[in-house]
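Sequential numbering of the sequence shown, starting at 66, is according to my numbering. Think of the CB as a built atom: it goes at the ideal place given N, C-alpha and C, for glycine as much as any other residue. In this text the structure is predicted, and so the values were computed from the model without any measurement. Some notes on the structure that comes next.
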Amino acid sequence: MQFYVTEFGAKPNDNELQTKYFQNALDYCFLHGGGEVVVPEGKYIIGEIRVRSNTTLKLLKNSSLVGSKNADDYKLLSGKDEIEPMPSEFLPTVYRAKERDEFYKNWYNGLILIYRAKDVAIIGEEGAVINGSNVYNPKGEEGYRGPHCITVLESENLSFKGYTIKDSANWAHCMWLCKNIICENVSVLAGHDGIDFFGSDNVKIRKCFLHTGDDCIAGYDNVDVDISDCELNSSCSAMRFAGTNVVIQNCKVFGPGEFIHRYSLSLEEKARGANANPKQLNKYRNNMLSFMTYYADMRLKVRNEPKNILITNCKILNCDRFLHFNYSGNEIWQKQTPLREITFRNITAKNVKLPLNLYGDENKPVSLTMQNCVIDFDDTVLDNPIVNAANFNKIELINVNTNADYPAAIDCYSKKAGEIMIDGGNVAERFKTTIEHKTQFKTQSI
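This is how it looks when you write it as structure tokens:
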């Protein structure tokens, strides 16, 4: 069955808040067995709405959901829901300070909320837009971030297709403890992170266009993940990610970011929801810090060792660092379960500025395989090893080519070095020695 939001009182292109009309349509759909809630062409200003089980929110051609600029219009998680009451302890099982519960409840708010639901879809036709409006919240993360655009908690059988998210006040997609997710032909422009998922199983991200001010794809403790045929442009990390049984393939990745990292805006600019003036881009930070940054902070307990990660058939241009795994202890985002193995195959990375970081755990060392890869450094920084490494079990460089001009292929910062295999490529020709032992490991945090 189809239920048009206009049948429940919603008016396109009206300056008044349309939240209650949308919620009435969504609730009616849920209470009558599910179906499609349809949004006709036009602009609709809304606060937070909840999409429930067996419901598809369908955005017709040229329809636009525009987030209210008022941060107080996003309070479902800390408010009352008479149809499906929220438990007092609804948050995902994360490590957190008890005294910050109210902050975290508000942090999870989104323009669209999906909580403990099954069989939910958000589908957009051509020109369908979800605009987060860069909502300013002085009580939010970093003193300015507002709600996510789509928040999904403890749900399964989820489909996101066809729409564009613009100017998300925090992450465009924030998903925790979910199963069976498909994101396909979704675009994210500006804002913060593009697609983030944590503690989630069976995730497929296909043909997505993510040009973000922050990370394009992020998350950890994920199992059985397939990311393919995406275009990633970031002003932070294209991938800030970890999981088990992960394949990332056929992606085009490049920097610098088309959209700036909003942290570099002034407070006045953040308060009015501004984006950077393209004519003044040099005032702001938009370099891509890393192609692949490992992720494992202390918010969520990791269920499985992060391993069996394959990144293949990707092209990367203009990143500061190709791989950033730093378990030395000075990285806030890499404090929990360490990475155990990662493989890069058929990769071309050009205009890289810094060596790969591969600093593993002393008791659970890491393994790196690179096969049929080109790692070319920017012409101004050729004085680099390929890898800064520590606490590694094995490094395999098979048919790897580089333009680096440095005494050693690998600088090692631990007392013991693991097995090193170099076969083919020009590595043996470019460096005088395979490995040199160093002290005082230093790196930028990402």
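Proximity winner among the options, relative to residue i (alpha-carbon distances)
| i | options | result |
| --- | --- | --- |
| PRO430 | VAL311, GLU370 and ASN449 | GLU370 |
| VAL268 | CYS281, CYS243, HIS257 and ALA255 | CYS243 |
| PHE409 | PHE324, VAL312, SER329 and GLY175 | VAL312 |
| ALA303 | SER355, ASN315, GLU167 and ALA339 | SER355 |
| GLU191 | ASN78, ARG115 and GLY107 | GLY107 |
| CYS438 | GLU461, ILE412, LEU419 and ILE451 | ILE412 |
| VAL367 | ASP92, GLY264 and GLY208 | GLY264 |
| VAL288 | HIS276, ASN468, PHE262 and ALA136 | PHE262 |
| SER293 | LYS183, LYS272 and CYS301 | LYS272 |
| ALA136 | ASP448, VAL116, GLY112 and LEU142 | GLY112 |
| LYS507 | ALA454, MET486 and GLU461 | ALA454 |
| VAL492 | LYS480, SER479, ASN466 and TYR93 | ASN466 |
| PHE73 | GLY98, MET486, VAL104 and LYS126 | VAL104 |
| GLN314 | GLU334, LEU382 and VAL290 | VAL290 |
| ASP146 | ILE179, TRP241 and ILE195 | ILE179 |
| ASN352 | GLN83, VAL70, ARG386 and LEU91 | ARG386 |
| ILE475 | ASN468, LEU423 and ASP488 | LEU423 |
| SER393 | GLY425, ASP266 and ARG305 | GLY425 |
| LYS480 | ILE440, ILE500 and LEU122 | ILE500 |
Helix, strand or coil at residue i according to DSSP, with G and I counted as helix
| i | result |
| --- | --- |
| GLY264 | coil |
| THR121 | strand |
| ASP166 | helix |
| CYS94 | helix |
| ALA482 | coil |
| PHE306 | strand |
| LEU141 | helix |
| ALA51 | With the chain covering only 66 through 511, there is no way to say anything about residue 51. |
| GLU113 | coil |
| LYS53 | This structure gives no information on residue 53, because the portion of the chain shown stretches from 66 to 511. |
| ALA186 | strand |
| GLU207 | helix |
| LYS380 | strand |
| ALA454 | strand |
| PHE225 | strand |
| TYR471 | coil |
| GLN399 | strand |
| ALA136 | helix |
| ASN245 | strand |
| LYS108 | strand |
First through last residue of the beta strand (DSSP E) which encompasses residue i
| i | result |
| --- | --- |
| ASN466 | 457–467 |
| PHE73 | Element bounds for PHE73: n/a, residue is neither H nor E. |
| TRP241 | 238–241 |
| ARG386 | 386–391 |
| MET66 | Counting along the chain, MET66 falls outside any beta strand (DSSP E), and DSSP gives it neither H nor E. |
| ALA255 | From DSSP, ALA255 is part of no beta strand (DSSP E); its letter is neither H nor E. |
| ILE179 | 175–180 |
| THR504 | Run containing THR504: none; DSSP gives neither H nor E here. |
| THR508 | First-last for THR508: undefined, no H or E at that position. |
| ASN411 | 406–417 |
| LEU297 | 296–299 |
| LEU218 | 213–218 |
| ASN202 | Where ASN202 is concerned, there is no enclosing beta strand (DSSP E), given that its DSSP letter is neither H nor E. |
| ALA283 | 282–293 |
Residue i vs residue j beta-carbon contact at 8 Å
| i | j | result |
| --- | --- | --- |
| GLY278 | ILE325 | yes |
| GLY490 | PHE457 | no |
| CYS239 | ILE270 | no |
| CYS477 | CYS379 | no |
| VAL513 | LEU223 | The chain is shown only over 66 to 511; residue 513 falls outside these bounds and no answer can be derived. |
| LEU375 | PHE390 | no |
| GLU219 | HIS276 | no |
| ASN174 | LEU141 | yes |
| ILE110 | SER133 | yes |
| ASN119 | PHE95 | yes |
| LEU124 | GLY197 | no |
| ALA237 | ILE246 | no |
| GLU406 | ASN373 | yes |
| ASN171 | SER143 | yes |
| PHE442 | LEU382 | no |
| ARG350 | SER300 | yes |
| LEU421 | LEU388 | yes |
Continuous alpha helix (DSSP H) stretch holding residue i: start and end
| i | result |
| --- | --- |
| VAL492 | 492–495 |
Residue ranges of each alpha helix (DSSP H) within the region 314–374, 4 or longer: 332–336
Within the region 422–450, note down every full beta strand (DSSP E) run reaching 3 residues or more, in order along the chain. Residue ranges of uninterrupted beta strand (DSSP E) with 3 or more members, entirely inside the region 422–450 and ordered along the chain, are 431–442.
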